[in-house]
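Chains as they are written, first to last, in the numbering used here: chain G, 1 to 179; chain C, 1001 to 1179.
For glycine and all other residues, C-beta sits at the position ideal for the given N, C-alpha and C.
Computed from a predicted structure; not experimentally measured.
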DNA sequence: CACTCATATGTGCATTGACACATATATGCA
DNA sequence: TGCATATATGTGTCAATGCACATATGAGTG
């Protein structure tokens, strides 16, 4: 049940509503953990019952009211406890790689297109990472509390670069096979 | 529901029992798709009902009987159809990266140990990939039907190398922060 | 003789997760 | 007026997943 902890991690940055969190999970922390908004709202409810977060409803005019959640001391304690548990290797589940294993049984034209699409997606993601690096970490040494975020970003950049190089080499080899 | 397709992919190589498949998912194809044995047995049952696989029980002496599954023409057709569907980006879910985002709230000694353990795991995995490459792809150009497997292996190697480099650099920076 | 390991196939249950659907307000656009 | 979009919070449901448990045979080890 790491979604609850991912939410707590987000709330260490600033108080957020479910809507904020959903957007956050589409961008920043979402690179390492995905979640949809129904999941997030349900988890926030549980976290409230456990006392790990508190909420205040903010009356807004022109927009629906929002419920802002903040992490409590109990939530911070829970984070520290969780951080001592061993982490599992992230499990890879990738249709594309599975298809490659049976290359003689798949539609090769479709495969080429899928690799090309994947290449595009990784290039776009890399662009996003570069953008974040430039606006947030451009000026020399980051403060200690941001070091982890920078390291995460570096992993993301390396990960995307690796995929891009691989996709390009695969495309070349698939083109050769074309005729 | 890609597990069924992953199983079909395995069965293109040779007929296998549920037990064989479970072992296969722990080694070769399991690098790109994980599955436990209860999942596999249940999925095999469904695939049989759909006519994508056939089974014969092999009477064994000294060991329990095994049920060997083979892919049918209908199964091969299903594979080809599936191969035309667009593939999703593999979603990353990594506790370690999430913890890094809240570096000021986690136990840093534990974090160091976790990164070190992760480094070890990636080194081991890389060793496995090298081993497979050496025994299976050492002699020049592989046959066309193995090209996809080789490319998958290359991705795995690159992926692990990237993680290893990243873990090493993170460990260095965490050590500096120690005092 | 008990214990463990490898082979082999399953059931049952709880959690997680994805996805469609529901509801409400206000703005901008055609 | 109708439609899309952004904001904002949820419910209901089903599939996927993980994990403990159950069962059976025979070989090897202490």
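Residue span of the alpha helix (DSSP H) that contains residue i, given as start and end
| i | result |
| --- | --- |
| residue 59 of chain G | Looking at the DSSP string, residue 59 of chain G is not in any alpha helix (DSSP H), and its letter there is neither H nor E. |
| residue 182 of chain G | With chain G covering 1 to 179 only, the question about residue 182 of chain G has no answer from this structure. |
| residue 1105 of chain C | Per DSSP, residue 1105 of chain C belongs to no alpha helix (DSSP H) and is neither H nor E. |
| residue 29 of chain G | Per DSSP, residue 29 of chain G belongs to no alpha helix (DSSP H) and is neither H nor E. |
| residue 181 of chain G | For residue 181 of chain G there is no data in the structure shown, the boundaries of chain G being 1 and 179. |
| residue 38 of chain G | 37 to 50 |
Per-residue DSSP class, three states only, for residue i
| i | result |
| --- | --- |
| residue 84 of chain G | coil |
| residue 962 of chain C | In the structure as shown, chain C starts at 1001 and stops at 1179, and residue 962 of chain C therefore has no counterpart that could be examined. |
| residue 1002 of chain C | coil |
| residue 1138 of chain C | coil |
| residue 1070 of chain C | strand |
Test item: CB-CB of residue i and residue j under 8 Å
| i | j | result |
| --- | --- | --- |
| residue 53 of chain G | residue 72 of chain G | yes |
| residue 32 of chain G | residue 140 of chain G | no |
| residue 101 of chain G | residue 1040 of chain C | no |
| residue 1084 of chain C | residue 146 of chain G | no |
| residue 1114 of chain C | residue 1096 of chain C | yes |
| residue 1128 of chain C | residue 162 of chain G | no |
| residue 1056 of chain C | residue 1068 of chain C | yes |
| residue 174 of chain G | residue 112 of chain G | yes |
| residue 1168 of chain C | residue 1119 of chain C | yes |
| residue 1105 of chain C | residue 12 of chain G | yes |
| residue 1034 of chain C | residue 91 of chain G | yes |
| residue 15 of chain G | residue 70 of chain G | yes |
| residue 1103 of chain C | residue 148 of chain G | yes |
Anticipated Cβ contact below 8 Å, residue i with residue j, distance rounded
| i | j | result |
| --- | --- | --- |
| residue 75 of chain G | residue 44 of chain G | In fact, because the Cβ distance is near 11 Å, the residues do not count as touching under 8 Å. |
| residue 1089 of chain C | residue 1009 of chain C | About 20 Å separates the two Cβ atoms, so there is no contact after all. |
| residue 142 of chain G | residue 155 of chain G | Going by Cβ atoms, the distance from residue 142 of chain G to residue 155 of chain G rounds to 15 Å, so no, they are not a contact pair. |
| residue 116 of chain G | residue 171 of chain G | 6 Å |
In chain order, what residues of the region 1137 to 1152 of chain C put their CB closer than 8 Å to some CB of chain G?
1144, 1145, 1147, 1148, 1149, 1151, 1152
Determine which residues of the region 1027 to 1043 of chain C have a Cβ less than 9 Å from any Cβ of chain G, and write them out in chain order.
1028, 1029, 1031, 1032, 1033, 1034
Residues within the region 1010 to 1022 of chain C neighbouring chain G, beta-carbon criterion of under 7 Å:
1012
Of the residues that make up the region 1081 to 1098 of chain C, which ones have a beta carbon closer than 9 Å to any beta carbon in chain G?
1081, 1082, 1083, 1084, 1085, 1086, 1087, 1088, 1089, 1090, 1091, 1092, 1093, 1094, 1095, 1096, 1097, 1098
Determine which residues of the region 122 to 136 of chain G have a Cβ less than 7 Å from any Cβ of chain C, and write them out in chain order.
Identification of residues in the region 122 to 136 of chain G having a C-beta nearer than 7 Å to some C-beta of chain C yields an empty set.
Got a sec: which bits of the region 1102 to 1122 of chain C sit with their beta carbon under 8 Å from any beta carbon on chain G, in order along the chain?
So the list reads 1102, 1103, 1104, 1105, 1106, 1107, 1110, 1111, 1114, 1117, 1118, 1121, given in the order they occur along the chain.
Any C-beta of chain C within less than 7 Å: which residues of the region 158 to 172 of chain G qualify?
The residues in question are 158, 159, 162, 166, 170.
Taking a cut of 7 Å between CB atoms, which residues from the region 60 to 81 of chain G lie near chain C?
Answer in chain order: 76, 79, 80.
If the cut-off is 7 Å on Cβ atoms, which residues from the region 45 to 59 of chain G count as contacting chain C, listed in chain order?
So the list is empty, because no residue satisfies the distance condition.
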